[in-house]
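One structure is given here, and the rest of the page talks about it.
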Amino acid sequence: MKKGIHPYYRPVEVVMTDGTVFVTRSCAKRDRLVLEIDSKSHPFFTGKQILVDTTGRVERFQRRLQKTEQLRQQKQVALQQQETPSHSGEQS
Numbered sequence: 002m003k004k005g006i007h008p009y010y011r012p013v014e015v016v017m018t019d020g021t022v023f024v025t026r027s028c029a030k031r032d033r034l035v036l037e038i039d040s041k042s043h044p045f046f047t048g049k050q051i052l053v054d055t056t057g058r059v060e061r062f063q064r065r066l067q068k069t070e071q072l073r074q075q076k077q078v079a080l081q082q083q084e085t086p087s088h089s090g091e092q093s
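First residue of the sequence shown: 2, per this note's numbering; consecutive thereafter.
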């Protein structure tokens with residue numbers, strides 16, 4: 002077996018959302034993992050729908066959606082302006 006290619010597999014302390022602590026083995030770099038979601042708080046297991054937004058993903062998506070809508074409206078206005086003929090007083 003090659004040496005130095007396998008990660009270090011060691012005991013790690015895991016803290017669940019309710020404060021329960023257990024020790025398992027992992028390749029995690031930290032000695033302690035604090036969970037934001039676990040089987041006691043995950044909507045799949047609890048049947049309750051909750052919004053989990055720890056990094057602002059929803060707000061970032063909403064901003065992108067608004068920007069897309071603004072661009073779509075600007076493009077639509079530009080197309081309407083191109084379609085309407087501009088009369089400069091000349092008649093044929």
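Ideal Cβ positions, reconstructed from N, Cα and C, are used throughout, including at glycine.
Task: Reduced DSSP category for arginine 31 - H, G, I as helix; E, B as strand; rest coil - done: coil
Open item on the list: Please state whether the Cβ-Cβ distance between valine 24 and proline 8 is less than 8 Å.
Closed with: no
Open item on the list: Looking at the strands, I want to know which residues DSSP matches up with arginine 65.
Closed with: For arginine 65, which the question treats as bridged, DSSP gives no partner whatsoever.
Open item on the list: Assuming glutamate 14 is part of the beta strand (DSSP E), what are its boundary residues?
Closed with: 11 to 16
Task: Straight-line Cα distance separating lysine 3 from valine 59 - done: 45 Å
Task: Cβ neighbours of tyrosine 10 in the same chain (closer than 8 Å, five flanking residues each side left out) - done: Arg26, Ser27, Cys28
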